[in-house]
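There are 2 protein chains.
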Amino acid sequence: MLLPRQRRKRRAPRPRDPERTRQRLLRAAFNEVYRYGFQSAGIDTILAATNVTKGALYYHFESKEALGYAIIEEVVAELTRDRWVRPLQRSKDKDPIDALIGVVRAIPHQPRDVKGGCPLVNLAQEMSQLDEQFRKRLENIFHAWQAEVAMALRKGQDQGTVRRDLVPEETASFLIAMIEGYEVLAKNAQDVKVWSMGIKNIVGWLSSLRAPGNRKRT
Amino acid sequence: MLLPRQRRKRRAPRPRDPERTRQRLLRAAFNEVYRYGFQSAGIDTILAATNVTKGALYYHFESKEALGYAIIEEVVAELTRDRWVRPLQRSKDKDPIDALIGVVRAIPHQPRDVKGGCPLVNLAQEMSQLDEQFRKRLENIFHAWQAEVAMALRKGQDQGTVRRDLVPEETASFLIAMIEGYEVLAKNAQDVKVWSMGIKNIVGWLSSLRAPGNRKRT
DNA sequence: TATCATGCAAACTGGTTGGTATGTTGTTGC
DNA sequence: GCAACAACATACCAACCAGTTTGCATGATA
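Protein sequence lines, in the order shown, are assigned to chains A and B.
Note that our numbering has the first sequence beginning at 217, numbered continuously upward.
Note that our numbering has the second sequence beginning at 217, numbered continuously upward.
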């Protein structure tokens, strides 16, 4: 029983908006997880950053894992769509290599982002081996990403702007690996310059994918 | 006070060899950290895997962090030396590109390794942003790795077997980024095939570094 | 106006965690 | 053969942590 004899004080009730509460929780949880990793992110710390109480959290999410799954499906997946899927679909009529270069250059590169690394990689690195549910959700995102890049490359092959000797899916994975790899290096160095150098090299490599006769200067 | 009236039972004393005990602790701790990450690796779990007691651990290491530092400096650094520094130094007289291809192909690729990812990346990913002491030690390893690859490339440039238009240090970082990137992808997929494909592409890229006129078929 | 489900708030709990205090044993120097 | 130190073993602890229980306010509904 909770405080049987004494009246409990309650904080002044705030306007009720469950969906808003849920979103606030997701955001704060994402930030915590982004910084400390899923396992080390504390429920209490997340709550402290939101002015939401534990009761509310466990009303919206069954468990810490459920919260983690929601972070991936709603926050991380959305990030990827924002940075890759939509930009590539918007620039459908451009040369795909130019489009890819543009997207790569547009990856956030503020000190905050570089030092924090890629949210997708952070989670994959930590959880893929430990929890199949995490892994599958992360794989969906990787797959959507790769499929989008592959589609752009294939289109370029049809147009004649991209070399025909490369396999779009493999090349897409290669590009993703390069990006994630540099993201890891830059995060370890905690240095934006490492990232800039990475982008430069990746852009150079992307240019080498142009079909002969379609070379431009970069 | 500990059990003031009752005699404590003690396990049968085992042969004393402090250095051996230390190494056993390091190994077990590395395994735990490799699997669960540093923050989530439990002291008690590590001890359970070793038949060593907490007293012994805290006799050899001041704190969990100190244990982590030792893991990096002694176990992870040694792994990198084994896989990169020594092989590259042993094959000094070979074509550096051939040597690099050999080393890349020799990276462990058993299911265990692929599913666990790269120990260096695992730790860097988790700790670089959180603990400067971890970060610096990991950076030393990355740096030694990069320097070794760069040196091989430079030697190739002098020999005329490697393209002169590339900057050895940058290209070395690029290679490392590719490897780590694929390591992340393969770990997330928990699939050896992803890794094999990565190696294939990396080897292809390495071949493209050969100086014109020195091209071989791969 | 009474009722009831929704959306929380806050105290509480049981297990885990890194770390410590202190006792005990093997070994080494004298 | 004994003191002193190195190398542990064991019990213990405070803090923390995910999750639970119960209470309560509020708006929708009857």
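No residue lacks a Cβ here, since even glycine has one placed at the ideal position from N, Cα and C.
When you compare only the Cα positions, how much space is there between residue i and residue j?
i      : j      : result
K416/A : V320/A : 10 Å
L316/B : Q373/B : 14 Å
S423/A : L369/A : 12 Å
A244/A : K308/B : 52 Å
V408/A : Y398/A : 11 Å
G414/B : P234/B : 43 Å
H238/A : Q362/A : The identity of residue 238/A in the sequence shown is Arg, whereas the question assumes His. Looking at the two C-alpha atoms, the distance is approximately 30 Å.
P327/B : L354/A : 20 Å
R232/A : T269/A : 13 Å
A286/B : L336/B : 13 Å
L242/A : V291/A : 8 Å
V400/B : D381/B : 30 Å
M367/B : G271/B : 45 Å
Y275/B : F246/B : 18 Å
R236/B : D311/B : 41 Å
R379/B : F390/B : 15 Å
D260/A : S256/B : 17 Å
T377/A : S412/A : 26 Å
F277/B : N267/B : 16 Å
A322/B : I262/A : 43 Å
P303/B : K371/B : 15 Å
Q375/B : Q375/A : 40 Å
According to DSSP, what are the bridge partners of residue i?
i      : result
R426/B : V378/B
Buried or exposed for residue i, please, with buried defined as at least 16 other CB atoms from any protein chain shown within 10 angstroms of its CB.
i      : result
Q305/A : exposed
A282/A : exposed
L338/A : In the sequence on display, residue 338/A carries Asn and not Leu. N338/A comes out buried.
P384/B : buried
G258/B : exposed
P229/B : With a pLDDT of 46 at P229/B, under the threshold of 50, the modelled position of that residue is not reliable, and no figure is offered here.
P428/B : exposed
R351/B : buried
R426/B : buried
Q341/A : buried
G284/B : buried
Determine the closest residue to residue i out of the options, with distance taken between C-alpha atoms.
i      : options                        : result
P324/B : A315/B, C334/B, T269/B, M413/B : C334/B
R240/B : D260/B, L273/B, G258/B, F254/B : L273/B
R251/B : S412/A, M343/A, D407/A, I357/A : M343/A
Q345/B : K308/A, R238/A, N404/A, V408/A : N404/A
A402/B : D329/B, I392/B, Q349/B         : D329/B
A264/B : T296/B, K371/B, E248/B         : E248/B
E289/B : D233/B, I357/B, A322/B         : I357/B
G318/A : P428/A, V419/A, L425/A         : V419/A
D347/B : Q349/A, K331/A, A360/A, H359/A : K331/A
E386/B : H359/B, G253/B, G376/B, V301/B : H359/B
V301/A : A340/A, E364/A, P312/A, K270/A : E364/A
S279/A : T266/A, F254/A, N267/A, V292/A : F254/A
V410/B : A388/A, V410/A, W411/A, Q406/A : A388/A
Q349/B : A366/A, Q406/A, I313/A         : Q406/A
W421/A : G376/A, Q375/A, D314/A, K371/A : D314/A
Looking at the ligand FMN, does it come within less than 7 Å of residue i, judged from the CB to the closest heavy atom?
i      : result
T296/B : This structure simply doesn't include the ligand FMN, nor any ligand for that matter.
Checklist entry - Three or more beta-carbon pairs under 8 Å between the stretch 393 to 400 of chain B and the stretch 290 to 298 of chain B, yes or no? => result no
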